[in-house]
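Novice:
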Amino acid sequence: MKKMIQTIAYRILYALCYAVSMIPMSLLYVIASCAFFFTYYIFGYRKTVVIQNMARSFPDKRYAEIHCMVKKFYSCFADYFAEITKSISTPAVVLEKKIIFENLELVNRHVRAGRNVIACLGHCGNWEMLNFMPYKLPHDMYAIYKPLRSGVMNRLMIKLRSRFGMQLIPDMSVVRHMLNKKSTPGVYLFLADQCPRIQDVKYKFELLNQESYIFSGMEKLARISGSAVIYLHITKLSKGNYNITCVPVCSDAASTNEGEITKIYVDLLTENVKEEPYGWLWTHKRWKR
Numbered sequence: 007m008k009k010m011i012q013t014i015a016y017r018i019l020y021a022l023c024y025a026v027s028m029i030p031m032s033l034l035y036v037i038a039s040c041a042f043f044f045t046y047y048i049f050g051y052r053k054t055v056v057i058q059n060m061a062r063s064f065p066d067k068r069y070a071e072i073h074c075m076v077k078k079f080y081s082c083f084a085d086y087f088a089e090i091t092k093s094i095s096t097p098a099v100v101l102e103k104k105i106i107f108e109n110l111e112l113v114n115r116h117v118r119a120g121r122n123v124i125a126c127l128g129h130c131g132n133w134e135m136l137n138f139m140p141y142k143l144p145h146d147m148y149a150i151y152k153p154l155r156s157g158v159m160n161r162l163m164i165k166l167r168s169r170f171g172m173q174l175i176p177d178m179s180v181v182r183h184m185l186n187k188k189s190t191p192g193v194y195l196f197l198a199d200q201c202p203r204i205q206d207v208k209y210k211f212e213l214l215n216q217e218s219y220i221f222s223g224m225e226k227l228a229r230i231s232g233s234a235v236i237y238l239h240i241t242k243l244s245k246g247n248y249n250i251t252c253v254p255v256c257s258d259a260a261s262t263n264e265g266e267i268t269k270i271y272v273d274l275l276t277e278n279v280k281e282e283p284y285g286w287l288w289t290h291k292r293w294k295r
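Residues in the sequence shown are numbered from 7 upward in steps of one, following this note's numbering.
1) What residue from Cys74, Ala149, Met135 has the CA that sits closest to Leu101's CA?
2) How many whole angstroms separate the CB atoms of Val180 and Ile150, which I take to be in contact at a CB cut-off of 8 Å?
3) Ignore the nearest five residues each way along the sequence and tell me which others in Cys23's own chain have a CB closer than 8 Å to its CB.
4) What is the rounded straight-line gap between the Cα of Leu213 and the Cα of Ile164?
5) Which of the three DSSP states, helix, strand or coil, is assigned to His73?
6) Considering Tyr46, what are the terminal residues of the beta strand (DSSP E) in which it resides?
7) Count the CB pairs spanning the segment 260-269 and the segment 221-241 that are closer than 8 Å, and state whether there are at least three.
8) Since Pro191 and Tyr219 should fall inside the 8 Å C-beta cutoff, what is the C-beta to C-beta distance between them, to a whole number of angstroms?
9) Have a look at Pro65, Val76, Leu19, Ala88 and flag the residue whose alpha-carbon is nearest the alpha-carbon of Tyr37.
10) Cβ of Asn215 within 8 Å of Cβ of Pro65?
11) Where do the ends of the beta strand (DSSP E) carrying Thr251 lie?
12) Pop quiz: Phe170 and Phe138 are said to be a contact at Cβ under 8 Å. What is the actual Cβ separation, rounded to whole angstroms?
13) Expressed to the nearest angstrom, what Euclidean distance is found between the alpha-carbon atoms of Ala119 and Leu110?
14) Short of 7 Å in beta carbon distance, which residues of its chain neighbour Leu19, apart from the five on each side in sequence? Order them along the chain.
15) If I follow the unbroken alpha helix (DSSP H) through Thr13, where does it start and stop?
16) Mind listing, in chain order, the continuous beta strand (DSSP E) runs of no fewer than 3 residues lying wholly within the segment 160-231?
17) Give the straight-line distance between the Cα atoms of Ile106 and Lys9, rounded to the nearest whole angstrom.
18) Under the DSSP definition of a beta bridge, which residues are partnered with Val158?
19) What does a CB cutoff of less than 6 Å around Tyr141 pick up in its chain, not counting 5 residues either side in sequence?
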């Protein structure tokens, strides 16, 4: 009975999301502007956290500059939700004009050579648009995620993110999956810029002028599997239009020293954030410990 209720709830929720995605993009942006007004001016959702994170990350900037970046962050964040909602029903030919990928040949070269590719990135720009990436690549593509507690929401998230062929793997299953797929190399997406539960001093680096613990799992898996590693640099070209560049990190992680890949990742992430300070996920309590 419980499973049937969850299935019905999931179908209703998905139908509702799809119906909302049919609203013209111009109107969705208007709704996003209203959401920005309430989130920023009325409720002030995690506003203190965002201000503190930005102020500490950019100590050379004055309060007025920080305030301007904070406001722009909330505005862009609201727009991201509108764009994600619209992408539920947007045809691939339309998304192809809005999302430009550069240097995909780097990925193709490694996979054709029989090597897995670990694509690491941060919560920069509208990272959810990477769900469109499998449409551009002739290889199996996987996104590592942490399952949600709600079975209905977890099922909905998988449905929305897998529209163009992205396959989602729970974070606790990725090692077993990769070992079972040795003969079929693919591309694995890792968002590795949140604060890890387990803090390893060997993976402690300076990120945005602050000492930060970084997830070690991405590098350790890359080294064990001898994968190639790339960084996906996301920038916003204009409203609803993004550029995603594949930046080489290493061609064989097994030949690198411990911490080397993570250090490069941190440097590339820092560069990405500094290029568009308003585009990163500042609401996350990255430096809470």
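Note that CB positions come from ideal geometry on N, CA and C, so glycine has one too.
Specialist: A quick look at the data gives this:
1) Met135
2) 5 Å
3) Thr91, Ile94, Leu162, Leu166
4) 31 Å
5) helix
6) Per DSSP, Tyr46 belongs to no beta strand (DSSP E) and is neither H nor E.
7) yes
8) Going by Cβ atoms, the distance from Pro191 to Tyr219 rounds to 30 Å, so no, they are not a contact pair.
9) Looking at the sequence provided, one finds Ile at residue 37 rather than Tyr. Minimum Cα distance to Ile37 is reached at Ala88.
10) yes
11) 247-256
12) 5 Å
13) 15 Å
14) Val158, Leu162
15) 8-27
16) 173-176, 193-197, 210-213, 216-219
17) 40 Å
18) Val158 is not bridged to any residue.
19) Ala98, Phe170
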